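Just below is one structure, and these are the notes that go with it.
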Ligand code: NAP
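Residue numbers (my numbering): 10 to 301.
The structure is reproduced here in C-alpha cells:
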C-alpha cells in the first residue's frame with residue numbers, strides 16, 4: 010500500500026502557485042484576488058473558509074471574506090454577488106455551501122459570473138467541462154486529478170467506480186474520469202443511494218472514488234485487492250481527543266481497506282487539502298485570463 014499524501018502534494022503545488030503569483034505581481038502590480046462569502050456560523054464551513062483564506066495568504070494572493078448572518082435574504086445575497094461580479098479587482102468568488110434553507114443554492118451558484126466561478130459549480134463551467142472546453146473544474150474533482158497526475162498514476166482503460174452523484178463531487182468526478190484526457194479515459198460506473206448492492210460494483214473497481222458522507226461506509230470486503238482508493242468523505246464528530254474538539258472520518262474504513270489497496274488517500278491529509286489547491290489553481294488561471 011502507498012499513501013496518496015495530500016499534505017505532501019498540496020505543499021509542492023502551492024510552492025509552484027506562489028512562484029506564479031509572485032510573477033503576476035511583478036508584471037501587473039497586483040495579486041490574484043479571491044472573495045469568499047460565508048453565511049451563518051456552521052462549524053465545518055467556518056473551518057473550511059478560514060483554511061481557504063489562510064492558504065491564499067500563503068501563496069501570495071489577496072483575499073476578502075464577506076460574512077453574513079443567517080438572516081440575510083436571498084435578494085441581499087444575490088445583490089452582493091452581483092457587486093463582486095462587477096469588481097475588476099476580483100478574480101474569483103466562492104460562496105461557501107451549505108446555505109440556509111431560505112436561500113436557493115442553485116440561484117446563488119448561477120448568479121456567480123462563470124468567469125469568476127473558481128469553485129467550478131456554474132452550469133456554464135460544468136457544460137464546458139463536459140465538452141472538454143477550457144473551464145474552471147469543480148475544486149474537489151480537480152484536486153483529485155492533480156493528485157493522480159502528481160503520482161503519475163495511469164488511469165487509462167481502468168474501471169473507475171464513483172460512489173455518490175452530488176453536483177459538486179460525484180457527478181463531475183465521473184465525467185472527468187470518463188473524458189478523453191489524462192487522467193481520464195476510464196470506464197466509469199456511478200453508484201448512489203438507489204443502487205442495490207454497491208459491493209457488486211465496488212469489488213470490480215480498479216479506481217474507487219467515494220463521496221457520500223457516511224463514516225466508514227466502504228469496508229474491506231467491498232474493495233478489490235490492489236485497488237486505488239480515493240476517499241472524499243469528511244465526517245466531523247465531536248471528540249475529547251483533539252484540541253479542536255472534533256475529529257474527521259472518511260467514507261472509507263481506512264484501517265482495514267488500506268492493506269488491500271495499491272494507493273489510498275487518508276482522512277484527514279488527503280482530498281481536503283487538494284480541494285484547496287484546485288481552488289487556488291482556478292483563481293490563478295482566472296487572474297491570468299487562461300479560461301475566459
Ligand atoms: P451530498 O451532496 O450529500 O451527496 C451525497 C451523495 O451520496 C448522493 O449522491 C447520495 O445519493 C449518495 N449517498 C448517500 N448515502 C448513500 C448510500 N448509503 N449509498 C450510496 N450512496 C449514498 O454530498 P457531497 O457534497 O458530495 O459530499 C460527500 C462527502 O464528501 C461529505 O462527507 C462531504 O463533507 C465530503 N466533501 C469533502 C470535500 C473535500 O474537500 N474533501 C469536498 C466536498 C465534500 P442520492 O443522490 O441518491 O441521494
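For glycine and all other residues, C-beta sits at the position ideal for the given N, C-alpha and C. Note that the coordinates shown come from a computational prediction; the quantities given were computed from them, not determined experimentally.
Taking residue i as the reference, give the member of the options with the closest Cα.
{"i": "residue 147", "options": "158, 179, 172", "result": "179"}
{"i": "residue 204", "options": "233, 170, 234", "result": "170"}
{"i": "residue 226", "options": "91, 211, 235", "result": "211"}
{"i": "residue 23", "options": "98, 238, 152", "result": "152"}
{"i": "residue 244", "options": "38, 11, 52, 162", "result": "52"}
{"i": "residue 213", "options": "202, 201, 231", "result": "231"}
{"i": "residue 56", "options": "38, 88, 85, 282", "result": "282"}
{"i": "residue 10", "options": "93, 76, 275", "result": "275"}
Rounded to a whole number of angstroms, what is the C-alpha to C-alpha distance between residue i and residue j?
{"i": "residue 206", "j": "residue 219", "result": "15 angstroms"}
{"i": "residue 58", "j": "residue 105", "result": "7 angstroms"}
{"i": "residue 177", "j": "residue 149", "result": "8 angstroms"}
{"i": "residue 288", "j": "residue 280", "result": "12 angstroms"}
{"i": "residue 263", "j": "residue 250", "result": "19 angstroms"}
{"i": "residue 254", "j": "residue 247", "result": "6 angstroms"}
{"i": "residue 186", "j": "residue 63", "result": "30 angstroms"}
{"i": "residue 228", "j": "residue 175", "result": "21 angstroms"}
{"i": "residue 17", "j": "residue 266", "result": "22 angstroms"}
{"i": "residue 138", "j": "residue 145", "result": "8 angstroms"}
{"i": "residue 163", "j": "residue 78", "result": "46 angstroms"}
Can you tell me whether residue i is helix, strand or coil according to DSSP?
{"i": "residue 234", "result": "coil"}
{"i": "residue 45", "result": "strand"}
{"i": "residue 76", "result": "strand"}
{"i": "residue 210", "result": "helix"}
{"i": "residue 273", "result": "strand"}
{"i": "residue 160", "result": "coil"}
Inspect the beta-carbon positions of residue i and residue j and report whether they are closer than 9 angstroms.
{"i": "residue 103", "j": "residue 273", "result": "no"}
{"i": "residue 116", "j": "residue 101", "result": "no"}
{"i": "residue 236", "j": "residue 257", "result": "no"}
{"i": "residue 90", "j": "residue 120", "result": "yes"}
{"i": "residue 141", "j": "residue 190", "result": "yes"}
{"i": "residue 242", "j": "residue 269", "result": "no"}
{"i": "residue 278", "j": "residue 156", "result": "no"}
Comparing the CB of residue i with every heavy atom of the ligand NAP, is any distance shorter than 8 angstroms?
{"i": "residue 256", "result": "no"}
{"i": "residue 218", "result": "no"}
{"i": "residue 176", "result": "yes"}
{"i": "residue 156", "result": "no"}
{"i": "residue 226", "result": "yes"}
{"i": "residue 111", "result": "no"}
{"i": "residue 202", "result": "yes"}
{"i": "residue 260", "result": "yes"}
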